[in-house]
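Residue numbers (our numbering): 176 to 271. Here's the structure we're looking at; comments come further down.
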């Protein structure tokens, strides 16, 4: 759920926020740049990157509404949280 386009555009008319169309353009621009941003981040932090969480969500319990094009709807979303560690590594000395 979220705010409708009509409500967003009403807020934009009042000068509170941007229009829904402008917001959609910004989201599309970010989606195009996303792969490059992640690759740049990982290349810059390759020696100190840590994967904190991987959440691979599948919703196979969807309502089935058969038609001529598809037989069901399934949701899939993957969330990956990355963090770079800024402290130096702790050297381990083990004579054994």
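Each residue gets a CB set at the ideal place from its N, CA and C atoms; glycine is no exception. In this text, all values refer to a predicted model and were calculated from it rather than measured experimentally.
Are the segment 184-201 and the segment 218-225 touching by the rule of at least three beta carbon pairs closer than 8 Å? no
If residue 230 sits next to residue 254, beta carbons under 8 Å apart, how far is it from one beta carbon to the other, in whole angstroms? 4 Å
Assumed close pair residue 223, residue 260 - CB separation to whole angstroms, cut-off 8 Å: 5 Å
Delimiting residues of the alpha helix (DSSP H) encompassing residue 223: Neither: residue 223 is in no alpha helix (DSSP H) and is coded neither H nor E.
Please confirm whether residue 225 and residue 271 have their CB atoms less than 9 Å apart. no
State the Cα-Cα distance for the pair residue 267 and residue 227, rounded to the nearest angstrom. 23 Å
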